[in-house]
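Asker: Using my numbering, the first residue of the sequence shown is number 116, and each one after it goes up by one.
In this text, a Cβ means the ideal position worked out from N, Cα and C, and glycines have one as well.
Before we start, here is the structure in question, set down as structure tokens.
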Amino acid sequence: MNQIYDYLGVSKQSVHQKFCRDMYKQSEQQQLLHLVRQVREDHPRMSARDIYLKLRPQTIGRDRFELLCAEHGFKVQHNKNYRKTTNSLGVTRFSNHLKEIEVTGVNQAFVSDITYYEMNSRFYYLTFIMDLYNRQIVGYHVSNNLRTENTTLPALHRLIKLRGSENLKGAIFHSDGGGQYYSNDFKQLTRKLGLINSMAEEVYENSHAERLNGIIKNNYLYPYHPKTFNELKKYLKKAVRMYNYEKPHRALNGKTPMNYLIN
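Structural data, given as structure tokens:
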């Protein structure tokens, strides 16, 4: 063996050190992949980049981490396309007040939308309200119909319970202006709270809410695969918790909505 080392121009010690480094690297990668699998159990379609932001490993760069994930089958499947449940573009019910302000703190601007979820050849409807400042889901509801009392109203009541009615006065409540946001009961409650109703005039003007729809449905609910309405409610609650407390957001410097709120 010494003759081989001499021929290659290396020492026995350097070969041994390289062997140890390679073994350590393999062990470290296996530990990382184990953590990735654990993250994917709760976040079935979290991207490798978001997992990197969540784990923040100190010994591997972002690009190498993403490559490692891809090499071991952790690519994200393409999202499903989804149809809108409402489309009020061209019907001006409220002005777009959202584009008039710069959001600098919580309880200044909320965005909301309703989307469908198909299960067992039936449609169910998900309503979300998000605080634009820290991207936190602050109100949500699931129903089997599009009536106001089963969509926007219970989601808004959840927001009131979470943030307190006294903290909502003067905040902008932005949506696509669909019928559930323009009903008398909903407008009466928003007026009572002092919320300023706002609506999108163009498709891209409610993009934050629409993107949230896709994340919850495609990254969480479809992979969770609920089979009953009760399971859908249970998994929706879990998805909201995962999104608020565990999913890092690049727009929040890699922090989760709740961490961004605290810090």
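Under 8 Å Cβ to Cβ from K349, same chain only, skipping five residues before and after it: list those, please.
Answerer: Position 234 of the sequence shown, counting from 1, holds the residue named residue 349. Same-chain partners within the cutoff: P341.
Asker: Beta-carbon separation of K362 and H158 under 8 Å?
Answerer: Taking the sequence shown and counting its residues from 1, one reaches residue 362 at position 247. Taking the sequence shown and counting its residues from 1, one reaches residue 158 at position 43. Taking 8 Å as the Cβ cut-off, K362 and H158 qualify as a contacting pair.
Asker: Measure the beta-carbon distance from F225 to I287 and round it to whole angstroms, keeping in mind my assumption that it falls under 8 Å.
Answerer: Position 110 of the sequence shown holds residue 225. Position 172 of the sequence shown holds residue 287. 7 Å between Cβ atoms; contact.
Asker: Could you give the first and the last residue of the continuous beta strand (DSSP E) run that contains D291?
Answerer: For the purposes of this step, residue 291 is taken as the residue at position 176 of the sequence shown. It is not in any beta strand (DSSP E) - D291 carries neither H nor E in the DSSP assignment.
Asker: Quick one: what's M234 bridged to in DSSP?
Answerer: Locating residue 234 in the sequence shown gives position 119, counting from the first residue. Listed as beta-bridge partners of M234 by DSSP are R237.
Asker: What first and last residue would you give for the beta strand (DSSP E) that runs through I331?
Answerer: Position 216 of the sequence shown holds residue 331. It is not in any beta strand (DSSP E) - I331 carries neither H nor E in the DSSP assignment.
Asker: Round the Cβ separation of L283 and G309 to the nearest angstrom and send it over; I've been treating them as touching at under 8 Å.
Answerer: What you label residue 283 is simply residue 168 of the sequence shown in a count that begins at 1. What you label residue 309 is simply residue 194 of the sequence shown in a count that begins at 1. Contact flag correct, Cβ pair sits at about 7 Å.
Asker: Excluding the 5 residues preceding and the 5 following K370 in the sequence, name in chain order all residues of the same chain whose CB lies nearer than 8 Å to its CB.
Answerer: As a first step, residue 370 must be located in the sequence shown, where it is residue number 255. Correct list, in chain order: P363, H364, N378.
Asker: Can you check the segment 348-378 for any alpha helix (DSSP H) of at least 4 residues that lies completely inside it and give the ranges in chain order?
Answerer: 372-377
Asker: Using DSSP with H/G/I as helix, E/B as strand and the rest coil, what is H344?
Answerer: Locating residue 344 in the sequence shown gives position 229, counting from the first residue. The question names His, but residue 344 in the sequence shown is Phe. If DSSP states are grouped into helix, strand and coil, F344 belongs with the helices.
Asker: From the DSSP output, which residues share a beta bridge with Y167?
Answerer: By 1-based counting over the sequence shown, the position of residue 167 is 52. Partner(s): none; Y167 has no beta bridge.
Asker: Label I216 either buried or exposed according to how many other C-beta atoms from any shown protein chain fall within 10 Å of its C-beta, with 16 as the threshold for buried.
Answerer: Locating residue 216 in the sequence shown gives position 101, where the first residue counts as 1. I216 should be labelled exposed.
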